[in-house]
Amino acid sequence: MELLGDQTVHYHHAEDRLPAFLSTPTSPMRNLYLPQVSLLVAVKLRLGHMIAQQTQIDSRTSDDETKLMYTNSVSILTTALNINQVAACRRMHVEAELYLALGRVQHQLYLLGKYDHREAVSTLVQAIRTSQSYNHDLG
């Protein structure tokens with residue numbers, strides 16, 4: 018995206034323990050019509066989902082590190098959701114998947130006592146609404 022004219026914000030520097038995947042284009046984006054925008058959303062969806070899945074699998078991490086990894090996953094999924102909502106080619110099925118993955122991670126954070134259960138349920142309900150409105154056939 019940087020090569021195509023958009024600026025990118027990097028949230029953590031190399032000296033931090035966190036990987037360099039916490040980067041996102043700045044708002045407002047210069048060109049919302051690029052086909053790379055939808056690919057960026059799909060990559061961030063997979064990345065956020067895999068971080069959450071790896072956090073669930075890895076039982077050696079402490080509670081603080083688990084909360085940090087889930088919070089990073091929420092941040093990545095929220096960024097992907099925001100990028101998808103402002104893109105010119107908004108993909109509703111990807112948006113429904115984003116809401117579902119975000120709701121799952123928020124539920125895990127609720128179980129750890131870090132998140133409000135009402136917001137997690139609201140996100141999951143939004144996933145259902147988005148999926149239903151996208152897949153609803155009036156014919």
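Numbering-wise (our numbering), the sequence shown opens with residue 18 and increments by one. Glycine included, each C-beta is placed from N, C-alpha and C at the ideal position.
From what residue to what residue does the alpha helix (DSSP H) around residue 65 run? 53–74
Contact under 9 Å by Cβ, residue 98 with residue 148
no
| Beta carbon of residue 17 nearer than 9 Å to that of residue 112 | Given that the chain is displayed from residue 18 to residue 156, the structure contains no residue 17 and the question cannot be resolved.
May I ask you to verify whether the segment 129–142 touches the segment 76–91, counting CB pairs closer than 8 Å and requiring at least 3?
-> yes
With 16 other CB atoms within 10 Å as the buried threshold, where does residue 144 fall? buried
Report the residue from 146, 133, 141 and 125 whose alpha carbon sits nearest the alpha carbon of residue 74.
125
At 4 residues or longer, what runs of the alpha helix (DSSP H) sit wholly inside the segment 89–148? 109–128
Worksheet item: With a CB to CB cut of under 8 Å and the five nearest residues on each side skipped, what residues in its chain are close to residue 95?
Response: 119
- Can you tell me which of the three DSSP states residue 79 falls into? coil
Does the beta carbon of residue 112 come closer than 9 Å to any beta carbon on chain B? Going by chain labels, chain B is absent from the structure shown, which holds only one protein chain.
Return the residue from the list 106, 61 and 150 that minimises the CA-CA distance to residue 92. 61
*Measure the alpha-carbon distance for residue 107 versus residue 67 and round it to whole angstroms.*
23 Å
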